[in-house]
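To keep things clear, I will list the structure first and then write my remarks on it.
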Amino acid sequence: MRQHSTNKHWWDAGTYPGLVLLLGMIFFQACAPPPPRRVIPPVVRKDPFRNVPALYRLKARQKENARDLPAAIFCWRIVQSFRPEDPEPRAEIRRLSLKAKAEAEKHLALGLEYLRNKKTGAARHHLLMALFYRPGDRKALESLEKALFPPEAITYHVKKGDTNLSIAKKLYHDPQKTFLVAYFAGSRHNGPPVPGEILYLPLIEGPPPVKKPRPLTSIQKARSLFARKKYREAISLAENIVAYGPSKSAREIINGSYYALALQKLKENRLVEARKLFEMVNRDYGKTADYIRNLTNQLRVRADYHYKKGVRYFLDEKLARAISEWETTLRLNPEHARARADLKKARAMLKNLNGLQ
Amino acid sequence: MPQKRVALPPPKPRIINTRVFADFAAVIVQPKDTLTSLAGKYLHDASKGWVIAEFNEVNELKPGQAIIIPLRPYNRGGLSPNGYQTVPVLCYHKFSKTISDRMTVRAKDFEGQMRFLRENGYHVISLDQLFGFLTFKNQIPKKSVVITIDDGWRSTYDIAYPILKQYNYPATLFVYTNLITGNSKTLSWDLIRVMYRNGIDMECHTKTHRSLHWKRGDESFRQYFDAVQAELNESTRVLKKKLNKEIHYLAYPYGDTSHLVIALLKEKGFRAALTVKRGTNPFFQNRYRLYRSMIYGNYTLNDFKRNLKVFASFR
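Those protein sequences? They're chains E and C, same order as listed.
Each step along the first sequence adds one to the number in this note's numbering, with nothing skipped, and position 4 is 7.
Each step along the second sequence adds one to the number in this note's numbering, with nothing skipped, and position 163 is 827.
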């Protein structure tokens, strides 16, 4: 008896339905249309930098025309990076690099020549140009420093037998500066100077040169004028300063000068002028407010006196004298309304009288 | 049976927007790109947007634009066939909201001066950046300016600091340490620390603000030497202790210096020192005698402009 196998598969040749199914599948597979083939279009890679080489080619030419060779070389490097297959940028970089090198060497030689001849300005120009064409030129950079800076220190080669004291005497002509030699030598090691060692010791300037008096500033000039009691000139200068911008010091000079002038007029009993000058002073300055109040009162009294005198002349038909008195009244008190009105009337009458005559 | 061909949609072209070479990177600007972001990405320093702007001669970027980013300094020392770059260093002392005198600049004027710098394309750089330029190592913006303030008056914090912060300008405050008492007119160390943490560098202006140039009449040379040493050592020690930073620069009191002072500065490791001699600094300027222009309180904008020369012609 055939033994029944439990692990028999449907495609096993011995199984009939499996065989049919397999053949059917093969048949259908053969008759079916082939699967569509993927047609992959070529990838169009847009180059967003396509304009850059042309732009920097143009810039390189412009920079070269402007004698800016390092910038021109950099522009060509940009072109070369984008167009490595293009021989032009490579050739241009080589050409310009040689040109820049030649320029750098020419300027360095000229700079050193001028430096030897102590023509500092020309040396500086050529050394800077050498650095411009070859920024890494250490010789140009060091020579530039030499050309520009006067030595700040003394370079001293220590000899056998030198001590800090002997060096101080030799260089500074002053044994008291021994500590200075020790300090700057000792900043590198503690101990006496060693033969062969190079010391950099600061130059010591002599006593301060007698300074020329500095030209006085406007405010100093104004102060000086005030001190010399040239009040009008002090005021004029200080007012210029104030017109330029607020200045407490200038304002002080103005107040002080007007105040002093007003006191002078007061001494001379020229009260009107004194009051006018006090009015130019800040009320808080000194006793300005008190002076103005007292002067105003005094002038009012005097004005009234002259007004009354004028009235008496007017009644006596002495018009010219009356006019003179009332003019004095108004000078003493410009706000004297009655004097102003009467003066106008008297002048009109005098004019009419003169007309009749 | 003929094979039927089915056309598939073309694959999206692969667009390369960046190419990096040894000396430069070429970039197609994307909508989100700015000078700052590109500088941060390619130059590893977001503040170097000016490198891209200056090389490509643009003020701003447009999407789709091809730009070149130089990866190394391409013009150290600001040299050109016609001349060389110079850097103005401005020097202020005191500020006030209302009054101005020689040493006091009104807030309105200071703000106007800072605005002028911004509107006219100047870049305010730090002293460290200036030092890189002076050593012929780094390139700086063509129109570079350094701002310094001397002494340590309270108005630096009350008036100048908010304006500098508003414009995001770095500055250096040269402190003379004896002045820092924190009274109504002077700064305190707390205020100095606040400014230091926010872009204001603090450097040395000695201890007592004595002139380092000449010995006093009653001093021996030794006493003078010791006094100069003390001025430098003590102020540096205090600044280091209070701010936990190294001190590299000195502003000479009254701008006075001498060979001896310079020798001491070199020996103590100072990188540079500033005078108050009016002028601007090329890269080959003596680093221990840097020019610095005082900006006075009565300066008009035209007076201010005269101190901003950034190029010296050979002729």
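C-beta: ideal position from N, C-alpha, C; glycine also.
Asked                                                                                                                                                                  : Found
For Lys348(E), which beta-bridge partners are listed by DSSP?                                                                                                          : Lys348(E) pairs with nothing; no bridge assigned.
Please confirm if Lys347(E) has its CB atom under 8 Å from at least one CB of chain C.                                                                                 : no
Closer than 7 Å, Cβ to any Cβ of chain C: which residues of the stretch 110–140 of chain E, in chain order?                                                            : His128, Leu131, Leu134, Phe135, Pro138
Please return the same chain residues whose Cβ sits closer than 7 Å to the Cβ of Lys163(E), not counting the five positions on each side in sequence.                  : Pro198
How about Thr841(C) and Leu903(C): do their beta carbons lie closer than 8 Å?                                                                                          : yes
Going by alpha carbons, who is nearest to Glu910(C) out of Pro917(C), Tyr918(C), Arg901(C), Tyr916(C)?                                                                 : Arg901(C)
Does the beta carbon of Tyr316(E) fall short of 7 Å from some heavy atom of the ligand MN?                                                                             : Within the structure as shown, the ligand MN is missing, as the structure has no ligands at all.
Since Ser250(E) meets chain C, which of its residues come closer than 7 Å, beta carbon to beta carbon?                                                                 : Asp765
How should Ser977(C) be labelled, buried or exposed, when 16 other C-beta atoms within 10 angstroms of its C-beta is the threshold for buried?                         : exposed
Could you spell out the range, first to last residue, of the beta strand (DSSP E) harbouring Ala824(C)?                                                                : Unbroken run through Ala824(C): none, as it is neither H nor E.
Quick one: grab the DSSP three-state call for Phe2(E).                                                                                                                 : With chain E covering 4 to 360 only, the question about residue 2(E) has no answer from this structure.
Determine the burial state of Asn962(C): buried for a count of at least 16 other Cβ atoms within 10 Å of its Cβ, exposed for fewer.                                    : buried
Are any of the Cβ atoms in chain E nearer than 8 Å to that of Ser760(C)?                                                                                               : no
In terms of residue numbering, what span does the alpha helix (DSSP H) encompassing Ala730(C) cover?                                                                   : Unbroken run through Ala730(C) is the beta strand (DSSP E), 730–734; no alpha helix (DSSP H).
When the Cα atoms are used, what is the spatial distance from Ala703(C) to Glu148(E)?                                                                                  : 33 Å
Any residues in the stretch 74–96 of chain E with a beta carbon nearer than 8 Å to a beta carbon of chain C? Which ones, in chain order?                               : Ala74, Phe77, Arg80, Ile81, Ser84, Phe85
Looking at C-alpha atoms only, which residue of Val82(E), Asp140(E), Lys122(E) is the closest neighbour of Lys2(E)?                                                    : Nothing can be reported for residue 2(E), as the shown portion of chain E is limited to 4 through 360.
What are the residues that DSSP puts in a beta bridge with Phe838(C)?                                                                                                  : Asp814(C), Glu867(C)
Nearest to Lys180(E) by CA position, among Ala171(E), Tyr262(E), Asn272(E), Phe187(E), is which residue?                                                               : Ala171(E)
Leu356(E): buried (16+ other C-beta within 10 angstroms of its C-beta) or exposed?                                                                                     : exposed
Using a 10 Å radius around the Cβ and a threshold of 16 neighbouring Cβ atoms, would you call Ile813(C) buried or exposed?                                             : buried
With H, G and I counted as helix, E and B as strand and the rest as coil, what does DSSP make of His708(C)?                                                            : coil
Helix, strand or coil: which one does DSSP assign to His339(E)?                                                                                                        : coil
In chain order, what residues of the same chain have a beta carbon less than 8 Å from the beta carbon of Tyr860(C), not counting five sequence neighbours either side? : Met866, Leu907, Lys909
Using a Cβ cut-off of 8 Å (strictly closer), state whether Arg886(C) contacts chain E.                                                                                 : yes
Taking C-beta to C-beta, are Leu240(E) and Ala225(E) nearer than 8 Å?                                                                                                  : yes
Using only CA atoms, which one of Ser790(C), Tyr748(C), Tyr756(C), Arg766(C) lies nearest to His129(E)?                                                                : Tyr748(C)
For Tyr294(E), which of helix, strand or coil comes out of DSSP?                                                                                                       : helix
Report buried or exposed for Pro196(E), applying the criterion of at least 16 other Cβ atoms within 10 angstroms of its Cβ.                                            : buried
Cα separation between Gly114(E) and Pro138(E)?                                                                                                                         : 15 Å
Between Arg874(C), Tyr821(C), Asp765(C), Asp882(C), which has its C-alpha nearest Arg853(C)'s C-alpha?                                                                 : Here residue 853(C) is Trp; the residue named in the question, Arg, does not match the sequence. When each option's Cα is compared against that of Trp853(C), the closest is Tyr821(C).
My output table needs one value for Ile238(E): the three-state DSSP class, helix, strand or coil.                                                                      : helix
Taking His160(E) as part of the beta strand (DSSP E), name the residues at either end of that continuous run.                                                          : 156–160
Report yes or no: do the stretch 689–701 of chain C and the stretch 723–743 of chain C share at least 3 C-beta pairs separated by less than 8 Å?                       : yes
If we define contact as Cβ-Cβ less than 8 Å, is Ile716(C) a contact residue for chain E?                                                                               : no
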